[in-house]
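A.B. asks:
Protein chains: 2
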Amino acid sequence: MKLTSKGRYAVMALVDLARFDNINPVSLRDISLRQGISLDYLEQIFSKLKKNEIVKSIRGTQGGYVLNKNPNDIKLTNIFHAVDEKVKTVQCKKESKKGCNGKATKCITHNLWDELEIHINTFFENKSLKDLLNNNKDTRV
Amino acid sequence: MKLTSKGRYAVMALVDLARFDNINPVSLRDISLRQGISLDYLEQIFSKLKKNEIVKSIRGTQGGYVLNKNPNDIKLTNIFHAVDEKVKTVQCKKESKKGCNGKATKCITHNLWDELEIHINTFFENKSLKDLLNNNKDTRV
DNA sequence: TCTAAACTTGACCATTTTGGTCAGGTATGT
DNA sequence: ACATACCTGACCAAAATGGTCAAGTTTAGA
């Protein structure tokens, strides 16, 4: 059970962005340098963040990215959703008429995995970008 | 972020085992049939569970596996640990002298991932095999 | 004592996912 | 016009996943 780097990088980059974008648009190049994430990879990630209206892009010289919402309104849930970081505990397809094993009924531990998913998602829903900013005031990179 | 099938299968198999082992040792073949998990794969999993003293094996005809502890004392944590299902949110090595990015300091979101790990592990520590047995009394497979 | 049931071990492998790179664009401020 | 920065999509190596296969060893019971 692990977090993919896409999810991690997305959050790191957004925290970085949030710290600077009230002055100027922030270029991916800067984020790349500060956070040690490959520029090409960042572009993939920001393309998705933009589609999900988490950031806005400003093209041209001196361009870059800006947050599209208040940091308080950007939850981890939104970020992860944007970059396809899903919490996936069960194989069982929900749409499927059949049960989890190809049998008629729900698999023996189905309720457990559902609970776990909810438990994790709750964490993500209650955490906003703003929380992370405050959290890092003292221990800046 | 997803659960591996090894972890899921381990829990499913143990719940199955716990339901029957007070009568006789339970053969992997039976579990395989009931839960729809490949026998060969189950053998890999039970080998690990045995090393971690979660189950005992009884060889020979009419043999099989038995729980080695009270269901109440087998936490999900123990099971996952046995089959190497780890909760891994951070790349950063804890032993490393250096920081997370190869830089000197902790990465910008380090605290967040630590929190998340704790959040998930807490869930696993508070859940025992016994909880799952009760949970399934009504919705048996 | 023979044999079948069941555990034991370890090698092997195809597929998928991950974590990117590379090579081209296109838009825009100066 | 040109440098800066966004944009897009193809491509790829390596690792993890989710197993299978083969060849044992042990023991209960006929």
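As they're listed, the protein sequences go chains A and B.
When we follow the working numbering, the leftmost residue of the first sequence carries the number 1, and every step to the right adds one.
When we follow the working numbering, the leftmost residue of the second sequence carries the number 142, and every step to the right adds one.
Don't be surprised by glycine CBs; every beta carbon is placed ideally from N, CA and C.
Values in this document were obtained by computation on a predicted structure and should not be read as measured data.
#1: Using the beta-carbon count (16 or more within 10 Å), is Ile23 of chain A buried or exposed?
#2: Could you tell me whether the Cβ of Val83 of chain A comes closer than 8 Å to any Cβ of chain B?
#3: Using the beta-carbon of each residue, which ones in chain A are nearer than 9 Å to Ile261 of chain B?
#4: Could you say which of B:Lys143, B:Leu274, B:Leu169 and B:Ser146 lies nearest to Ile215 of chain B if we only look at CA atoms?
#5: Counting only beta-carbon separations shorter than 8 Å, does Ile249 of chain B have a partner in chain A?
#6: Are the CB atoms of Lys210 of chain B and Ile195 of chain B nearer to each other than 8 Å?
#7: Throw me the rounded Cβ distance for the Leu28 of chain A and Leu39 of chain A pair, which I believe falls under 8 Å.
#8: Are the C-beta atoms of Asp214 of chain B and some chain A residue less than 8 Å apart?
#9: Return the residue from the list B:Tyr150, B:Arg175 and B:His251 that minimises the CA-CA distance to Tyr182 of chain B.
#10: Would you mind telling me which residues of chain A sit closer than 8 Å to Val167 of chain B, beta carbon to beta carbon, in chain order?
#11: Identify which residue in B:Ser173, B:Glu226 and B:Val207 has its Cα closest to the Cα of Asn262 of chain B.
#12: Does the beta carbon of Lys50 of chain A come closer than 8 Å to any beta carbon on chain B?
#13: Thinking C-alpha only, which one of B:Ser146, B:Gly148, B:Arg160 and B:Thr145 is nearest Lys271 of chain B?
#14: State the Cα-Cα distance for the pair Phe124 of chain A and Lys143 of chain B, rounded to the nearest angstrom.
#15: Taking DSSP as the reference, what is the three-state secondary structure of Gly205 of chain B?
#16: Can you give me the C-alpha to C-alpha distance between Val224 of chain B and Val66 of chain A, rounded to a whole angstrom?
#17: Leaving out the 5 sequence neighbours to the left and right, which residues in its chain are closer than 8 Å to Val78 of chain A when beta-carbon positions are compared?
#18: Anyone know if the C-beta pair for Thr145 of chain B and Val15 of chain A falls short of 8 Å?
#19: Could you please give the first and the last residue of the uninterrupted beta strand (DSSP E) stretch that includes Val196 of chain B?
#20: Leaving out the 5 sequence neighbours to the left and right, which residues in its chain are closer than 6 Å to Gln35 of chain A when beta-carbon positions are compared?
#21: Between the C-alpha atoms of Thr61 of chain A and Phe80 of chain A, what's the straight-line distance to the nearest angstrom?
#22: From the DSSP secondary-structure annotation, give me the bridge partner or partners of Lys88 of chain A.
#23: Could you tell me how far apart the beta carbons of Gly64 of chain A and Val90 of chain A are, in whole angstroms, since I believe they sit closer than 8 Å?
#24: Give the straight-line distance between the Cα atoms of Ser57 of chain A and Glu43 of chain A, rounded to the nearest whole angstrom.
#25: What does Thr230 of chain B reach in chain A if we use C-beta pairs closer than 8 Å?
#26: Looking only at its chain, what residues have a beta carbon closer than 7 Å to the beta carbon of Asp30 of chain A, apart from the 5 residues adjacent to it on each side?
C.D. replies: To lay it out plainly:
#1: As a working mapping, residue 23 of chain A is identified with position 23 in the first sequence. The residue in question, Ile23 of chain A, is exposed, as its Cβ has fewer than 16 Cβ neighbours within 10 Å.
#2: Here residue 83 of chain A refers to the residue found at position 83 when the first sequence is read from its first residue. Not one chain B Cβ lies under 8 Å of Val83 of chain A.
#3: Along the second sequence, read from residue 1 onward, the residue named residue 261 of chain B stands at position 120. In chain order: Met1, Leu116, His119, Ile120 and Phe123.
#4: For this step, residue 215 of chain B is matched to residue 74 along the second sequence. Nearest C-alpha to Ile215 of chain B: B:Leu274.
#5: Sequence index remark: in the second sequence, residue 249 of chain B carries index 108 (1-based). Output row for Ile249 of chain B: interface = yes.
#6: Counting from one through the second sequence, the residue named residue 210 of chain B turns up at place 69. Counting from one through the second sequence, the residue named residue 195 of chain B turns up at place 54. Result yes, Cβ atoms of Lys210 of chain B and Ile195 of chain B sit closer than 8 Å.
#7: Working through the first sequence from its first residue, we reach residue 28 of chain A at position 28. Working through the first sequence from its first residue, we reach residue 39 of chain A at position 39. With a Cβ gap of about 6 Å, Leu28 of chain A and Leu39 of chain A count as contacting.
#8: Within the second sequence, numbered from 1, the residue matching residue 214 of chain B stands at position 73. Look at Asp214 of chain B: its C-beta is not under 8 Å from any C-beta on chain A.
#9: Here residue 182 of chain B corresponds to residue number 41 of the second sequence, with the count starting at 1. With distances taken between Cα atoms, Tyr182 of chain B lies closest to B:Tyr150.
#10: Taking the second sequence and counting its residues from 1, the one referred to as residue 167 of chain B is at position 26. The premise fails here: Val167 of chain B is roughly 14 Å from chain A at the closest Cβ pair, so nothing lies under 8 Å.
#11: Mapped onto the second sequence, residue 262 of chain B falls at position 121. Among B:Ser173, B:Glu226 and B:Val207, the Cα nearest to that of Asn262 of chain B belongs to B:Glu226.
#12: By one-based count along the first sequence, residue 50 of chain A stands at place 50. Chain B, which has no Cβ nearer than 8 Å to the Cβ of Lys50 of chain A, makes this no.
#13: Taking the second sequence and counting its residues from 1, the one referred to as residue 271 of chain B is at position 130. Of B:Ser146, B:Gly148, B:Arg160 and B:Thr145, the residue nearest in Cα terms is B:Arg160.
#14: Position 124 of the first sequence, counted from the start, is the residue given in the question as residue 124 of chain A. Position 2 of the second sequence, counted from the start, is the residue given in the question as residue 143 of chain B. Approximately 15 Å between the Cα atoms of the pair.
#15: In the second sequence, the residue the question calls residue 205 of chain B occupies position 64. Gly205 of chain B: strand per DSSP, three-state reduction.
#16: The sequence position of residue 224 of chain B within the second sequence is 83, counting from 1. The sequence position of residue 66 of chain A within the first sequence is 66, counting from 1. Distance between the alpha carbons of Val224 of chain B and Val66 of chain A: 44 Å.
#17: Here the question's residue 78 of chain A lines up with position 78 in the first sequence. First, the amino acid is wrong: residue 78 of chain A is Asn here, not Val. Closer than 8 Å at the Cβ level, and outside the excluded window around Asn78 of chain A, lie Asn52 and Ile54.
#18: Reading the second sequence from its first residue, position 4 is the one you call residue 145 of chain B. Reading the first sequence from its first residue, position 15 is the one you call residue 15 of chain A. Cβ atoms of Thr145 of chain B and Val15 of chain A: not closer than 8 Å.
#19: What you label residue 196 of chain B is simply residue 55 of the second sequence in a count that begins at 1. It spans Val196 to Ile199 - the beta strand (DSSP E) in which Val196 of chain B sits, taken as one unbroken run.
#20: Working through the first sequence from its first residue, we reach residue 35 of chain A at position 35. Same-chain partners within the cutoff: Met12 and Asp16.
#21: Working through the first sequence from its first residue, we reach residue 61 of chain A at position 61. Working through the first sequence from its first residue, we reach residue 80 of chain A at position 80. Going from the Cα of Thr61 of chain A to the Cα of Phe80 of chain A covers about 30 Å.
#22: The residue labelled residue 88 of chain A in the question sits at position 88 within the first sequence. Partner residues in the beta bridge of Lys88 of chain A, as assigned by DSSP, are B:Lys143.
#23: Here residue 64 of chain A refers to the residue found at position 64 of the first sequence. Here residue 90 of chain A refers to the residue found at position 90 of the first sequence. The beta-carbon separation of Gly64 of chain A and Val90 of chain A, rounded to 40 Å, does not stay under the 8 Å limit for a contact.
#24: The sequence position of residue 57 of chain A within the first sequence is 57, counting from 1. The sequence position of residue 43 of chain A within the first sequence is 43, counting from 1. So the alpha carbons of these two residues sit roughly 11 Å apart.
#25: The count along the second sequence starts at 1 and reaches residue 230 of chain B at position 89. Neighbours of Thr230 of chain B on chain A, chain order: Lys2, Leu3 and Arg8.
#26: One-based indexing of the first sequence puts residue 30 of chain A at position 30. Shown here for Asp30 of chain A: not one same chain residue has a beta carbon closer than 7 Å to its own, the five before and five after excluded.
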